[in-house]
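Written out below as structure tokens is the structure these notes cover.
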Amino acid sequence: GEDVEQSLFLSVREGDSSVINCTYTDSSSTYLYWYKQEPGAGLQLLTYIFSNMDMKQDQRLTVLLNKKDKHLSLRIADTQTGDSAIYFCAEASPVGKLIFGQGTTLQVKP
Amino acid sequence: DGGITQSPKYLFRKEGQNVTLSCEQNLNHDAMYWYRQDPGQGLRLIYYSQIVNDFQKGDIAEGYSVSREKKESFPLTVTSAQKNPTAFYLCASRVLLNEKLFFGSGTQLSVL
């Protein structure tokens, strides 16, 4: 069935790059997404990638997609303390609902 | 401002009580969704609706009910049959042919 897996925790120093990884199972997904959740808040759409793309860059964010391995990553350059949050990857199922990973907590140390 | 409004932000339920969480959107989105979030877990889909007066069960619909009488509104009722209702509930919506999902700010439900 559909499943999305992420590592649960990542800690980096301010100014370093962060790389958050995700694997998914549904090869028919058309879009894959990255969402950010700050404490007590809803999810904010950060970026997304269409399944026929390998890479997408948006300011400090770079998304890499390896369709063969069903692997998605989010790189945050020059990570700031304001980037501390939970990051969710999600794939779109054929019926249009999103399947979310467990979320990766990013801790940024000053 | 356009957006998705969830209310209340915090809600407390007594044993045996039904409670209703509100979700309103003024984005003219066709589809609306309810997700449940438990600590350390991803989001799990409760119910979704792609059109007025129609809705489908998600992965964990037992103990919940919804209605979609208006395009803008998709209230979720947590019934007394839901034995473990304490969670963060998120409402979301999207335009049908665009898969980007937009979220409200959530309702934290706790049991007294």
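Just so you know, the sequences run in chain order D and F.
Under my numbering, the first residue of the first sequence carries the number 5, and numbering increases by one thereafter.
Under my numbering, the first residue of the second sequence carries the number 30, and numbering increases by one thereafter.
C-beta: ideal position from N, C-alpha, C; glycine also.
| Query | Result |
| --- | --- |
| Exposed unless 16 or more other CB atoms sit within 10 angstroms - verdict on residue 91(F) | exposed |
| Residue 83(F), DSSP secondary structure in three states | strand |
| Which of helix, strand or coil DSSP assigns to residue 49(F) | strand |
| For residue 51(D), three-class secondary structure by DSSP | strand |
| Range covered by the beta strand (DSSP E) that runs through residue 13(D) | 13-17 |
| Contact under 8 Å by Cβ, residue 46(D) with residue 134(F) | yes |
| Same chain, Cβ closer than 8 Å to residue 38(F), five either side skipped, listed in chain order | 134, 135, 136, 137 |
| Under 9 Å (Cβ pairs) to chain D, residues found in the stretch 105-131 of chain F | 117, 119, 120, 121, 123, 125, 128, 129, 130, 131 |
| CA-to-CA distance, residue 44(F) to residue 103(D), given in whole angstroms | 31 Å |
| Beta-carbon proximity check, residue 9(D) vs residue 27(D), cutoff 8 Å | yes |
| Min CB distance residue 96(D) to chain F below 8 Å | yes |
| Bridge-paired residues (DSSP) for residue 40(F) | 138(F) |
| Residue environment, residue 33(F), which counts as buried when at least 16 other CB atoms sit within 10 Å | buried |
| Residues from the stretch 7-37 of chain D in contact with chain F, defined by Cβ distance under 9 Å | 8, 10, 12, 34, 35, 37 |
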